[in-house]
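K.L.:
Numbering follows my numbering, in which position 142 of the sequence shown is assigned residue number 143; successive positions increment by one, without gaps. Positions of the beta carbon are idealized from the N, C-alpha and C atoms, including for glycine.
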Amino acid sequence: MLFHQVPQFTLRSHSGEEAQSARFAGKYLVLYFYPKANTPGCTREAQDFTALLTEFRKLDAEIVGVSPDKPEAQDRFVRAKSLTVTMLSDPDKTLASEFGALKENGGILRSTFLIDRAGIVRAQWKKVKVAGHAQAVLETLKALYESDRRISPLIAARRARRALSDDPVTKDEIETLIEAAHLAPSCFNNQPWRFIVVDNPDALASLKGTMPKGNYWTEPAPVIIAAYSEPDLDCRLSDNRDYFLFDSGLAVSNMMLQATQMGLIAHPIAGYKPMKVKEVLGIPAEYVLITLIVLGRPGNPADLSEEHREEELGARRRKALVEVLSWNQFKL
Ligand SMILES: Cc1cc2nc3c(=O)[nH]c(=O)nc-3n(C[C@H](O)[C@H](O)[C@H](O)COP(=O)(O)O)c2cc1C
2 MLFHQVPQFT
12 LRSHSGEEAQ
22 SARFAGKYLV
32 LYFYPKANTP
42 GCTREAQDFT
52 ALLTEFRKLD
62 AEIVGVSPDK
72 PEAQDRFVRA
82 KSLTVTMLSD
92 PDKTLASEFG
102 ALKENGGILR
112 STFLIDRAGI
122 VRAQWKKVKV
132 AGHAQAVLET
142 LKALYESDRR
152 ISPLIAARRA
162 RRALSDDPVT
172 KDEIETLIEA
182 AHLAPSCFNN
192 QPWRFIVVDN
202 PDALASLKGT
212 MPKGNYWTEP
222 APVIIAAYSE
232 PDLDCRLSDN
242 RDYFLFDSGL
252 AVSNMMLQAT
262 QMGLIAHPIA
272 GYKPMKVKEV
282 LGIPAEYVLI
292 TLIVLGRPGN
302 PADLSEEHRE
312 EELGARRRKA
322 LVEVLSWNQF
332 KL
């Protein structure tokens, strides 16, 4: 699977009007590139997609064919073959090139991209053989449609795991985690989060030396990231709405999900002595040391206390939804 954001585009449709990619936002989009209107393979492919269009639409998908033909040629094609899929004209092959749907000789490489509701390419077919292709795309869409309606796999998979190995984490990986954190939203885009990456063995040992007993499991961690901020770095609004902690939390949440995707563990803790850690790291008193994020690769649960091992291997524990949710009115 590929996960990259699709470029925005504006092309002329077979009916001559401008079609912008934003028109498909919130829907699935099957974008297929074909070489030339009214030729046998392209006709069969367009007819196969047309025959299944109702099925695709039931799954909230639109089908768009793109070729270098002029809109008038595409319009003749649509009429002659009774096609109901939308055709877009890409005369200078800009979009085809952006999607890597060009052969070395500059011709169109018959290709199909399945783009999700968020504009991310989730499946692609290159050098398409027309027979059975539309049906194969439909089957892939069906599976995506179903899984996208469930809780996001990364949210489901993220756990505050404690079994860590002492294998190193690379600088590249750490920078990707920080970048992910830094892409979080924040009030007025203030970006109040600040991070200190601690990977130097002496500094790490000093930090671990301040850990309370309950956080014994942090010992093997090759990296600890301190997240700190202070109220004036973010919005301070009426009714105690100081947003620096909230926004820093969003950033750490991004970091945890990114770590999960990368097979890493990023576990935020509150169990440390803030004054001591601030002293070790030289963080001035006016800053709040919000959390230490214990970073590493998965280790052996056998190294954990019995209680932690049970939590590590057991199912997630959560309050019932009714305890945290009410509709339309406050409820205790
Ligand atoms: C702000 C914060 C502080 C935490 N502090 C600790 C800690 O000091 N030690 C620890 O073992 N786990 C700590 N945790 C982990 C939580 O116990 C854990 O997230 C919770 O039990 C839910 O489990 P889950 O994250 O696997 O869904 C902390 C989590 C958060 C978000």
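Can you give me the Cβ contacts of His309 inside the same chain, cut-off strictly under 7 Å, excluding the 5 residues immediately before and after it?
P.N.:
Arg163 and Trp218
K.L.:
With distances taken from CA atoms, which of Tyr288, Ile109 and Lys59 is nearest Val1?
P.N.:
Only positions 2 to 333 of the chain appear in the structure, and residue 1 is not among them; the question remains open.
K.L.:
Hey, Pro221 and Asp173: beta-carbon distance below 8 Å or not?
P.N.:
Contact flag unset, no.
K.L.:
With 16 other CB atoms within 10 Å as the buried threshold, where does Val170 fall?
P.N.:
Val170 comes out buried.
K.L.:
Short of 6 Å in beta carbon distance, which residues of its chain neighbour Ala252, apart from the five on each side in sequence? Order them along the chain.
P.N.:
Ala182, Ala185 and Trp194
K.L.:
Cα-Cα, which of Phe114, Asn301, Glu46 and Asn106 is closest to Glu313?
P.N.:
Asn301
K.L.:
From the DSSP output, in three-state form, read off Phe114 for me.
P.N.:
strand
K.L.:
Alpha carbon to alpha carbon, how far is Lys277 from Lys214? Give it in angstroms, no decimals.
P.N.:
15 Å
K.L.:
Going by DSSP in three states, Asp49 sits in which element: helix, strand or coil?
P.N.:
helix
K.L.:
Assuming contact is defined by CB atoms lying nearer than 8 Å, are Ala294 and Ala267 in contact in what I supplied?
P.N.:
At residue 294 the sequence reads Ile, which differs from the Ala that was named. Yes; because the gap between Cβ atoms is below 8 Å, this pair is in contact.
K.L.:
Which value, in whole angstroms, describes the spacing of the CA atoms of Glu265 and Arg318?
P.N.:
The displayed chain sequence assigns Leu, not Glu, to residue 265. Cα-Cα distance, rounded: 22 Å.
K.L.:
Look at the alpha carbon of Gly133 and the alpha carbon of Arg118, and state the distance between them as a whole number of angstroms.
P.N.:
25 Å
K.L.:
If you follow the alpha helix (DSSP H) that Glu180 is in, where does it begin and where does it stop?
P.N.:
Lys172 to His183
K.L.:
Considering Glu269, what are the terminal residues of the beta strand (DSSP E) in which it resides?
P.N.:
Per the sequence presented here, residue 269 reads as Pro, with Glu not at that position. Annotation for Pro269: the continuous beta strand (DSSP E) segment containing it runs Ile266 to Ile270.
K.L.:
Just to confirm, are Ser187 and Asp235 a CB contact at a threshold of 8 Å?
P.N.:
yes
K.L.:
Quick one, are the C-beta atoms of Thr348 and Val7 less than 8 Å apart?
P.N.:
Not covered by the structure: residue 348. The range shown for the chain is 2 to 333.
K.L.:
Since Glu287 and Glu231 are thought to touch, with beta carbons under 8 Å apart, how far apart are those beta carbons, to the nearest angstrom?
P.N.:
That pair is a contact at about 6 Å.
K.L.:
Span of the alpha helix (DSSP H) holding Ser249?
P.N.:
Phe245 to Gln262
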